[in-house]
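Written out as structure tokens, the structure is:
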């Protein structure tokens, strides 16, 4: 099945509204909710099929007009089923942010099952005054079934462009059958990779706070070239990853301590 | 300079090819001043964590470094810039190269070495592409990341793509062996042994790079990336990165 979800956000009387929605099952959007304040609209992204089966493609197109403030929340983790027919499952996300628009994409979680093949490509075009938050967790498989890097291929690609300038170009391409995934330097003994990208001129993080390491959890932070951060985790402690991601996602707490 | 150009373009003369190769040997001499001896690209974090203590540890680390990092990152940039004829596309490629290096110190190291390299070879070589690139660097239009400028230089000297990628991988790895020998520390003999064991790995990695393109770029060596991000917080450091 090929799911589609196109969302267009605009300002009406200084309030962000969901102006246009187009969807094709299994993708669907919740109605817009105003959780914290009337300026910030939250929409849940729903997937009714329970996961991507070999050959499926889910495509999202998200457009934010000038000055809008949007939080998108995937309702569940993306489960990727085995590629029995040799066909890969795909996800494509295209995001366009106008001046002063702010998009937060909450925790995108990907669980590639044994023998699955998944390719995800997210492209963001933003303007000088817009901001973008992206959170992602990549699972090693269905851990409760003992799956750890037993998928065939898992390739995620995030690229963020501001006019001609490239701010983020991060590919993670795993093909465990031909790679030394469990060596230190790659994943070592860790199972989960998580990433938080914060591209916002106003945000200054306390870098030392986001730099610690123990046997089952590591996190470190890096400044992007001009502004913005990547906070990257390698961990076996999923609840802790989620907790720390929530702390980072809290924009008030994220400002300079 | 003129002689160098004649040598480099003389495909049929074995003497010419051998002489030409000396230019590459020269720039890969550990005394060549491009600053590789001051960078560990995150390796020093692993040395301090005692994950790299012996020559075997060092070999296995660098094997993974070649296979899972360089052959999915800088190796691909060397190959892609060698094959790119269009200047605008080459500039775009360097922007991608810069953005793909998430760890700040590794990103800086790549451009520091690249700038030093241009500074060292330009006055003594006849390399029109590199001269053009250097003007763009001075105008702050590009950054001079090492894989890009190395590729431009080797192409101007008419080395083939295979040699260009192979020698780049050689310099990326051997520099780290020299640094590890000082930092662990290991004996010179151990260093020589590790380099000899790595040479077949360099060949394999080069063949892999030649099969790859920009869509294969991958930062899945996340452990190394975190080690590079954590490097600036180490209490004492021998290396800049």
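Chains as they are written, first to last, in the working numbering: chain A, 1 to 257; chain B, 258 to 498.
Virtual Cβ for every residue (Gly too), placed ideally from N, Cα, C.
Values in this document were obtained by computation on a predicted structure and should not be read as measured data.
*Specify whether the segment 395–408 of chain B and the segment 439–454 of chain B touch according to this definition: at least 3 beta carbon pairs, one from each stretch, less than 8 Å apart.*
no
_Assuming residue 31 of chain A is part of the beta strand (DSSP E), what are its boundary residues?_
Here residue 31 of chain A belongs to no beta strand (DSSP E), and DSSP marks it neither H nor E.
*Taking the continuous beta strand (DSSP E) assigned at residue 286 of chain A, which residues delimit it?*
Nothing can be reported for residue 286 of chain A: it is not among the residues displayed for chain A, which extend from 1 to 257.
_Segment contact, 8 Å Cβ cut-off, at least three pairs: the segment 313–330 of chain B with the segment 444–457 of chain B_ = yes
*Neighbouring residues, chain A, relative to residue 496 of chain B (Cβ below 8 Å)*: Here the premise fails: no neighbours, minimum Cβ distance about 17 Å.
*Taking residue 409 of chain B as the reference, give the member of B/346, B/390 and B/419 with the closest Cα.*
B/390
_Cβ of residue 222 of chain A within 8 Å of any chain B Cβ_ = yes
*If residue 234 of chain A sits next to residue 479 of chain B, beta carbons under 8 Å apart, how far is it from one beta carbon to the other, in whole angstroms?*
6 Å
*Consult DSSP for residue 162 of chain A and reduce its assignment to one of helix, strand or coil.*
strand
*Under the DSSP definition of a beta bridge, which residues are partnered with residue 118 of chain A?*
A/89 and A/154
*Who are the Cβ neighbours of residue 160 of chain A in its own chain at under 7 Å, not counting the five residues just before and after it?*
124, 126, 132, 167, 168 and 199
*Identify, in the order they occur along the chain, each residue of the same chain with its Cβ nearer than 6 Å to the Cβ of residue 49 of chain A, setting aside the five sequence neighbours on each side.*
26
*Is the number of C-beta pairs between the segment 146–166 of chain A and the segment 209–223 of chain A that are closer than 8 Å three or more?*
no
*Please confirm if residue 352 of chain B has its CB atom under 8 Å from at least one CB of chain A.*
yes
_Member of B/426, B/432, B/449 and B/466 whose CA lies at the smallest distance from the CA of residue 297 of chain B_ = B/432
*Opening and closing residue of the beta strand (DSSP E) in which residue 109 of chain A lies*: 102–112
*asked:* Quick check: is the beta carbon of residue 308 of chain B nearer than 8 Å to any beta carbon in chain A?
replied: yes
*Proximal residues of chain A, C-beta to C-beta of residue 402 of chain B below 8 Å*: Near residue 402 of chain B there are no residues of chain A at all, since even the closest Cβ is about 12 Å away, more than 8 Å.
*Please check if any C-beta of chain A sits within less than 8 Å of the C-beta of residue 355 of chain B.*
yes
*Return no unless some Cβ of chain B is closer than 8 Å to the Cβ of residue 3 of chain A.*
no
_Among the candidates A/94, A/191 and A/57, whose CA atom is the shortest distance from the CA of residue 1 of chain A?_
A/57
*Buried or exposed for residue 257 of chain A, please, with buried defined as at least 16 other CB atoms from any protein chain shown within 10 angstroms of its CB.*
Per-residue confidence for residue 257 of chain A stands at a pLDDT of 38, beneath the threshold of 50, marking its modelled position as unreliable; no derived number is given.
*Below 6 Å CB to CB, which residues in the same chain sit around residue 138 of chain A once its five sequence neighbours on both sides are set aside?*
110 and 193
*How is residue 267 of chain B classed by DSSP in three states: helix, strand or coil?*
Any reading at residue 267 of chain B must be qualified, since the residue scores a pLDDT of 49, below 50, and its modelled position is unreliable; the value itself is stated next. If DSSP states are grouped into helix, strand and coil, residue 267 of chain B belongs with coil.
*Contacting residues, own chain, Cβ-Cβ under 7 Å from residue 584 of chain B (five flanking each side not counted)*: With chain B running from 258 to 498 in the structure shown, residue 584 of chain B is simply not present.
*Against chain A: residues of the segment 472–485 of chain B by CB proximity under 7 Å*: 473, 474, 475, 476, 477, 478, 479, 480, 481, 482 and 483
_Based on DSSP bridge pairs, tell me the residues matched to residue 222 of chain A._
A/230
_Buried/exposed call for residue 98 of chain A, threshold 16 Cβ in 10 Å_ = buried
*Return helix, strand or coil for residue 10 of chain A, following the three-state DSSP convention.*
strand
_Proximal residues of chain B, C-beta to C-beta of residue 230 of chain A below 7 Å_ = 359
*Look at the Cβ atom of residue 43 of chain A, then the Cβ atom of residue 64 of chain A, and state whether they are nearer than 8 Å.*
no
*Which of the residues in the segment 173–198 of chain A, read from start to end, lie with their CB under 7 Å from any CB of chain B?*
173, 174, 179, 180, 183, 184, 185, 186, 187, 188 and 193
*Can you list the residues of chain A that residue 321 of chain B reaches, using a CB-CB cut of under 7 Å?*
180, 183, 185 and 186
*asked:* For residue 24 of chain A, report the span of its beta strand (DSSP E) as first-last.
replied: 15–24
*asked:* Residues of chain A with CB closer than 9 Å to the CB of residue 318 of chain B, please, in chain order.
replied: 183, 184 and 185
*C-alpha gap between residue 92 of chain A and residue 122 of chain A, whole angstroms*: 6 Å
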